[in-house]
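Just below is one structure, and these are the notes that go with it.
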């Protein structure tokens, strides 16, 4: 994970720990002396694509900076079911207090990366790139989009500030596709690409003639997408979107589109299955 993210990562982790720990871990504080040493083993309970180890480790380090980690896999690796991913050594109380928050991050991020990899594999051999969307968990967009990249996908715009995407309501407010594209080009920095959403071939033609940089084909059939790609004929990049799933993505990739955006990558990924097994060092008394 990029070093420039350090402050963002730590801020989000601290917020999550405050939410879970509050004034303190009542159970651990009552049952485990803070100096008791031991080990925790992180095990993958299913085959998965690992993502979020930096976040996982930093969550524990925010509680106890003396903990040590021995990693067997890195982000982006495919981890076989039953594999030991990481060993943690240090104070058991700190490990117990950070366990749930650390796993929450890791399970979500690895779930996103695993799902993304499945989509990427289905489009291999085509020019189509799998994109995410802004349908991320509130406050976790940094982590969600990192996980998509780790799974082999490509990030769409991060937010409303780094790309122009003219959708149906923008078009309705502006009066037409042509007018919306013209206003966007006149009123934004030249470095921002202008993308416009269309629903039919008439919209495709109007968007091309207006000079859109990217044309988003919304909820079109694969046959209609193929016709649209031929009509655009390289004058703009082409993105497919709308209800795309693993049963349809391969056919859509074969239509010749450049991008396929999939909201499901971040709005409904299944959490990857991990367990953290803890043991106290032998010969240590309470």
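Numbering (my numbering), first residue to last: 1 to 286. The beta carbon of each residue, even a glycine, is placed where N, CA and C say it ideally should be. All values derive from a computational prediction rather than experimental measurement.
query: Name the DSSP bridge partner or partners of residue 291?
result: Since the first residue shown for the chain is 1 and the last is 286, residue 291 is missing from the structure and cannot be characterised.
message: So, at 6 Å on beta carbons, what are the nonlocal neighbours of residue 71 in its own chain, with the 5 sequence-adjacent residues on each side left out?
response: 86
message: Can you give me the C-alpha to C-alpha distance between residue 81 and residue 117, rounded to a whole angstrom?
response: 16 Å
message: Is the beta carbon of residue 216 closer than 8 Å to that of residue 239?
response: One thing to note: residue 239 has its Cβ within 8 Å of the Cβ of residue 216.
message: Runs of 4 residues minimum, wholly inside the stretch 85-136: which ones carry the alpha helix (DSSP H) assignment?
response: Counting only runs of 4+ residues, the alpha helix (DSSP H) found wholly inside the stretch 85-136 occupies 92-122, in chain order.
- request: Report the rounded CA-to-CA distance for residue 33 versus residue 257, giving the unit in angstroms.
  value: 59 Å
field: Among 161, 94, 191 and 251, nearest to residue 226 - alpha-carbon criterion
entry: 251
field: Other residues of its chain near residue 149: CB distance less than 8 Å, five sequence neighbours each side excluded
entry: 155
query: With distances taken between CB atoms, is the gap from residue 282 to residue 92 smaller than 8 Å?
result: no
- prompt: According to DSSP, what are the bridge partners of residue 22?
  reply: None; residue 22 has no bridge partner.
query: In whole angstroms, what separates the C-alpha of residue 100 from that of residue 272?
result: Their Cα atoms are separated by approximately 14 Å.
- prompt: How big is the Cα-Cα spacing for residue 163 and residue 181?
  reply: CA-to-CA, the gap between residue 163 and residue 181 works out to about 13 Å.
- request: Could you tell me the distance, in whole angstroms, from the CA atom of residue 41 to the CA atom of residue 277?
  value: 5 Å
message: Is the beta carbon of residue 90 closer than 8 Å to that of residue 54?
response: no
query: How long is the line joining the alpha carbons of residue 221 and residue 253, rounded to whole angstroms?
result: 12 Å
task: Take residue 6 and list the residues in its own chain whose beta-carbon comes closer than 7 Å to its own, dropping the five residues that flank it on each side.
output: Cβ within range, chain order: n/a, list empty.
- prompt: What are the start and end residues of the beta strand (DSSP E) that includes residue 172?
  reply: In the DSSP assignment, residue 172 falls outside any beta strand (DSSP E) and lies within the alpha helix (DSSP H) extending over 168-174.
- request: Name the two residues that bound the continuous alpha helix (DSSP H) containing residue 186.
  value: 177-186
- request: Report buried or exposed for residue 287, applying the criterion of at least 16 other Cβ atoms within 10 angstroms of its Cβ.
  value: Because the chain in this structure spans residues 1 to 286, residue 287 falls outside the shown range and cannot be described.
- prompt: Should residue 16 be labelled buried (16 or more other beta-carbon atoms within 10 Å of its own) or exposed?
  reply: buried
field: Simplified DSSP assignment, three categories, for residue 276
entry: strand
task: Over the uninterrupted alpha helix (DSSP H) stretch that includes residue 253, give me the two end residues.
output: 249-253
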